[in-house]
Amino acid sequence: MGKKGKRISRREKRFRAEQQDGANTSEIATSSSGEVPANSARAVNCKACLHPEESSTREERLSVQEIVNTVQANATIAGVEQSYILLYELLSYRDPPIHEIISERLDLVLLEGLKSTDQSIQNYAAQALFVLVKHMKEEQFDLLVLIGLKDAVASVMNNGPYSVIEKVIETCAQVVTTSPDLRDDIGAWLCLNIVDFMSPAHPYEITVEISRAVTSFSRDVCHYKPVPEFILKCLAGTARFLLHYQDWRARANGLSIITDVARSKHFIEIGNSYARKILRFLTSALDVEATSGFFAIGHFIKQRSKNTSKLLKMRVIEKIAHFLARHTTPEITYEVCPIIQSLLSKKYIRYIESTVETGLVLLLLKLLDDGAPNYKDEACTTLRSLNEIWRPRHAVRLVDPQHIRIMCNILKSSNTTHISCIIALMHSAMEACFALKDDVKTKEAKELLKEFGADNYVQKFVDSVRKDISMKKLAMKLHTLYLNDLEPDSRQNHAGIEKASHAQNSGSAGTEICASSSC
1 MGKKGKRISR REKRFRAEQQ DGANTSEIAT SSSGEVPANS ARAVNCKACL
51 HPEESSTREE RLSVQEIVNT VQANATIAGV EQSYILLYEL LSYRDPPIHE
101 IISERLDLVL LEGLKSTDQS IQNYAAQALF VLVKHMKEEQ FDLLVLIGLK
151 DAVASVMNNG PYSVIEKVIE TCAQVVTTSP DLRDDIGAWL CLNIVDFMSP
201 AHPYEITVEI SRAVTSFSRD VCHYKPVPEF ILKCLAGTAR FLLHYQDWRA
251 RANGLSIITD VARSKHFIEI GNSYARKILR FLTSALDVEA TSGFFAIGHF
301 IKQRSKNTSK LLKMRVIEKI AHFLARHTTP EITYEVCPII QSLLSKKYIR
351 YIESTVETGL VLLLLKLLDD GAPNYKDEAC TTLRSLNEIW RPRHAVRLVD
401 PQHIRIMCNI LKSSNTTHIS CIIALMHSAM EACFALKDDV KTKEAKELLK
451 EFGADNYVQK FVDSVRKDIS MKKLAMKLHT LYLNDLEPDS RQNHAGIEKA
501 SHAQNSGSAG TEICASSSC
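The sequence shown: position 39 = 39 (UniProt numbering), numbered continuously.
Right, dumping it as structure tokens:
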């Protein structure tokens, strides 16, 4: 059995659940124009599909032998249809006799029903097969494939009604979820058939239910890792078709598939036009589309691959910042943290400027100030990592009323880890002013820090710290160098205090990461 894939974050799970709930409120099998497709379950009047709860109305429980006799005795269309209705009813029981059904080869009867030219028979067969597969054991799937599952599904994909196509996709999804050994075989084969099925179709022809079934299948086929490259490419191709559809629900489903593809460890490279297409969804007026696009793009960035570099060259950071200006919920902001963390390396150092200029640092500070506890911790981790890599020209951007006011507010916190993070940021900002020889900024920073009471909060932190000696000394250094009455242009005094501070800190493990001129 393969390894399970990466865990989806709680924010993303919640978003997907809301998206699915919204999709389920739509009328069954409606097209983007609001009309009922001619080959839907409603159009062919499949009672088992439309009202499955009404199928089991008999007072006496059916037997397998009774259905076998019915199948053998009926040669008319009506008789065959009745056989499938009874078989579906039998499978609808709480504990259907699966072993006996398979022993009597009724599973083969269902596969033959999928190949029927009668749409009603196809519908009953598809519904019954779906229920059968839900009860089958992993070892029984091999026999199902051996007796013709692929041929039956291929027949449906070529000429079956959409309601049946939807159901056989869901059936195959059940197979690949239950049997990891068949995932690559059935998954790759069905992915190819789905691409062939969707590629010639007009945007108005595919129902939202089909797109939802394909989305669910993509999630199931990506469940076990690693996912073969061929499957990922087919899924990406399917998603691309969905992105062009008129119905926003189909497009949102396409973006969900792209997210599943991007989350895979063994990722594939997307083309420039594909990347630009995904980026355009960030500006969508529909929240569900914009948010789906954001999650997909976030996973591509976290790959730290050619896809990441491609998106960065397309100014993805600026586009994310514009997206966040319209979507400022803590859950969305939280997802920015791992995205920024993925860019905090020498490989992407040139893009730190964009991160600072677009206001993402201010966004993280706000999250650290008033977010939920776990959100605050993630924002703190991101800011500390950023503080380790940015340069003086980046750190000096913290010197403005907005940043300093929020940082001073965080100093009031009872969380020493968060306070330590802010002290390190303040120290880096002040060191950056000094390294850049910007006396105006230095004076402005000192005045703002005093205005918002930073000197008192830092001194209180110094007095309260007992265990983290290195952090205590950094706070003392910040207070001595920048929060007292030292004139900003007194560089000799600064050098003297700096030298004394280093002597005092000698022998202790330093935890500060400052934005010095050598960084």
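Note that beta-carbon positions come from the ideal geometry of N, C-alpha and C, so glycine has one too.
Taking all protein chains shown into account, decide if residue i is buried (16 or more other Cβ within 10 angstroms of its Cβ) or exposed.
i, result
"Val336", "buried"
"Asp107", "buried"
"Ala78", "exposed"
"Leu235", "buried"
"Arg183", "buried"
"Ser345", "exposed"
"Val175", "buried"
"Asn272", "exposed"
"Ala325", "exposed"
"Asp95", "exposed"
"Asp370", "exposed"
Could you tell me which of the options sits nearest to residue i, measuring between CA atoms?
i, options, result
"Asp455", "Asp107, Asn374, Met407, Arg315", "Met407"
"Glu138", "Ser103, Thr117, Ser179, Leu436", "Ser179"
"Arg249", "His327, Ile332, Glu209", "Glu209"
"Phe323", "Ile340, Gly298, Thr283", "Thr283"
"Leu190", "Arg212, Val164, Arg219, Met157", "Met157"
"Asp142", "Val168, Asp181, Asp287, Leu364", "Asp181"
"Tyr93", "Leu111, Lys134, Glu104, Gly113", "Lys134"
"Asp438", "Tyr457, Val458, Val399, Arg466", "Val399"
"Phe230", "Asn193, Arg212, Ala213, Leu364", "Asn193"
"Ala429", "Tyr457, Leu386, Ser464", "Leu386"
"Glu100", "Leu343, Gln140, Leu114", "Gln140"
"Ala372", "Pro330, Pro392, Gly298", "Pro330"
"Ala395", "Glu378, Leu436, Lys376, Asp377", "Leu436"
"Asp196", "Ile352, Gly237, Asp370", "Gly237"
In the DSSP assignment, find the unbroken alpha helix (DSSP H) run with residue i in it and report its ends.
i, result
"Asp370", "360-370"
"Tyr457", "454-464"
"Trp189", "180-198"
"Thr480", "469-482"
"Tyr93", "First-last for Tyr93: undefined, no H or E at that position."
"residue 535", "It is not possible to answer for residue 535, since the shown part of the chain is limited to 1 through 519."
"Trp248", "248-263"
"residue 581", "Limits of the chain in this structure are 1 at one end and 519 at the other, which puts residue 581 out of reach."
"Ser428", "416-435"
"Ser305", "Premise fails: Ser305 is in no alpha helix (DSSP H) and is neither H nor E."
Can you tell me the Cα-Cα spacing of residue i and residue j, whole angstroms?
i, j, result
"Ser470", "Ile270", "46 Å"
"Arg384", "Lys446", "22 Å"
"Ala368", "Thr382", "In the sequence on display, residue 368 carries Leu and not Ala. Computed Cα separation, rounded: 10 Å."
"Asn69", "Ala173", "32 Å"
"Val462", "Glu357", "32 Å"
"Val131", "Ala424", "60 Å"
"Lys450", "Tyr482", "10 Å"
"Met136", "Thr416", "55 Å"
"Thr177", "His244", "29 Å"
"Lys347", "Thr308", "11 Å"
"Asp468", "Leu286", "48 Å"
"Glu431", "Leu474", "12 Å"
"Thr215", "Ala262", "14 Å"
"Cys380", "Asp247", "40 Å"
"Lys313", "Leu255", "21 Å"
"Arg350", "Ile278", "23 Å"
"Asn374", "Ile332", "14 Å"
"Phe434", "Arg304", "34 Å"
"Ser83", "Val145", "23 Å"
"Ser464", "Lys302", "39 Å"
"Asp377", "Ser103", "57 Å"
Shorter than 7 Å from the beta carbon of residue i to some beta carbon of chain D?
i, result
"Asp370", "Checking the listed chains, one finds no chain D in this structure; it contains a single protein chain."
Identify, in the order they occur along the chain, each residue of the same chain with its Cβ nearer than 8 Å to the Cβ of residue i, setting aside the five sequence neighbours on each side.
i, result
"Ser354", "Arg315, Ile317, Glu318"
"Leu86", "Leu62, Glu66, Ile67, Thr70"
"Lys306", "Glu269"
"Ser264", "Gly5, Cys222, Lys225, Pro226, Val227, Leu232"
Going by beta carbon distance, what residues of the same chain come within less than 7 Å of residue i, once the five residues before and after it are set aside?
i, result
"Leu362", "Gln402, His403"
"Lys366", "Ile406"
"Ile422", "Met407, Ile410, Leu411"
"Ser413", "Ile419"
"Lys150", "Trp189"
"Pro97", "Val64"
"His266", "Pro226, Val227, Glu229"
"Arg276", "Met314"
"Gln459", "His479"
Please go through the same chain and pick out, in chain order, the residues whose beta-carbon is closer than 6 Å to the beta-carbon of residue i, but skip the five residues on each side of it.
i, result
"Ile258", "Ala239, Ala296"
"Arg58", "Because Arg58 sits at a pLDDT of 49, beneath the cut-off of 50, its placement in the model cannot be relied upon, and the following sentence gives the value as read from the coordinates. So no residue of the chain qualifies."
"Leu110", "Ala125, Ala128, Leu129"
"Phe217", "Ile169, Ala173"
"Ile147", "Leu108"
"Ala213", "Glu166, Ile169, Glu170"
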